[in-house]
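Engineer:
In UniProt numbering, the protein residues as written are 1 to 126.
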């Protein structure tokens with residue numbers, strides 16, 4: 001459950017970078033599985049500035065509350081408002097309908113510095 005076409009962080013976020021434009025961010029299958037049933041998500045408003053490695057939101061499950069960390073520095077240009085009413089979508093489709101935000105990165109090259117699928121697989125196997 002680690003798509004090859006995405007990049008990852010050690011904090012279990014994924015990044016989908018199309019050519020140009022914003023990148024889509026979510027949490028990985030590994031993260032949602034560890035959290036359990038997700039019941040609430042707090043996300044930043046569009047226009048919010050985020051800094052790589054800093055918390056920008058929270059995911060609350062029946063087990064715990066976990067912070068979501070920005071994989072890149074940039075500006076939030078969209079958030080998945082569907083999650084306000086249906087946070088459990090993250091559990092059922094973490095790489096699709098369960099995306100969290102879209103960020104316009106300050107430096108697109110920073111995407112290449114994130115973990116590849118292979119490196120993330122190694123991280124979660126240990």
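Think of the CB as a built atom: it goes at the ideal place given N, C-alpha and C, for glycine as much as any other residue.
Which residues in the same chain have their Cβ closer than 8 Å to the Cβ of residue 54, if we skip the five residues on either side of it in sequence?
Structural biologist: On the chain shown, position 54 is the one that residue 54 refers to. Correct list, in chain order: 69 and 70.
Engineer: Using 10 angstroms around the beta-carbon of residue 28, count the other beta-carbons present and answer buried if the total reaches 16, otherwise exposed.
Structural biologist: Taking the chain shown and counting its residues from 1, the one referred to as residue 28 is at position 28. Per the 10 Å Cβ criterion, buried.
Engineer: Residues in its own chain within less than 6 Å of residue 117 by CB, not counting five upstream and five downstream?
Structural biologist: The sequence position of residue 117 within the chain shown is 117, counting from 1. Excluding sequence neighbours, residue 117 sits near 2 and 4.
Engineer: CA-CA distance, residue 49 and residue 26?
Structural biologist: For this step, residue 49 is matched to residue 49 along the chain shown. For this step, residue 26 is matched to residue 26 along the chain shown. Approximately 17 Å between the Cα atoms of the pair.
Engineer: Given that a residue counts as buried once 16 or more other Cβ atoms are within 10 Å of its Cβ, and exposed if not, what is residue 66?
Structural biologist: For the purposes of this step, residue 66 is taken as residue 66 along the chain shown, with counting starting at 1. With 16 or more Cβ atoms within 10 Å of its Cβ, residue 66 is classed as buried.
Engineer: Buried or exposed for residue 120, going by 16 or more other Cβ atoms inside 10 Å?
Structural biologist: What you label residue 120 is simply residue 120 of the chain shown in a count that begins at 1. Flag for residue 120 reads buried.
Engineer: Tell me the rounded alpha-carbon separation between residue 77 and residue 47.
Structural biologist: Counting from 1 along the chain shown, the entry for residue 77 is found at position 77. Counting from 1 along the chain shown, the entry for residue 47 is found at position 47. So the two alpha carbons sit approximately 6 Å from each other.
Engineer: Distance, Cα to Cα, residue 80 vs residue 103?
Structural biologist: Looking up residue 80 in the chain shown gives position 80. Looking up residue 103 in the chain shown gives position 103. Computed Cα separation, rounded: 12 Å.
Engineer: May I have the straight-line CA-CA distance separating residue 51 from residue 19, to the nearest angstrom?
Structural biologist: As a position in the chain shown, residue 51 is number 51, starting the count at 1. As a position in the chain shown, residue 19 is number 19, starting the count at 1. Taking the straight line from one Cα to the other gives about 21 Å.
Engineer: Can you give the Cα-Cα distance for residue 84 and residue 60, rounded to whole angstroms?
Structural biologist: As a working note, residue 84 is residue 84 in the chain shown. As a working note, residue 60 is residue 60 in the chain shown. One C-alpha to the other measures close to 12 Å.
Engineer: Do you know whose CA, among 122, 111 and 115, lies nearest residue 22's CA?
Structural biologist: The residue you call residue 22 lines up with position 22 of the chain shown. It is 111.
Engineer: Counting only the same chain and skipping the five closest in sequence on each side, list residues whose C-beta sits under 6 Å from that of residue 129.
Structural biologist: This structure cannot settle anything about residue 129, because the visible part of the chain is limited to 1 through 126.
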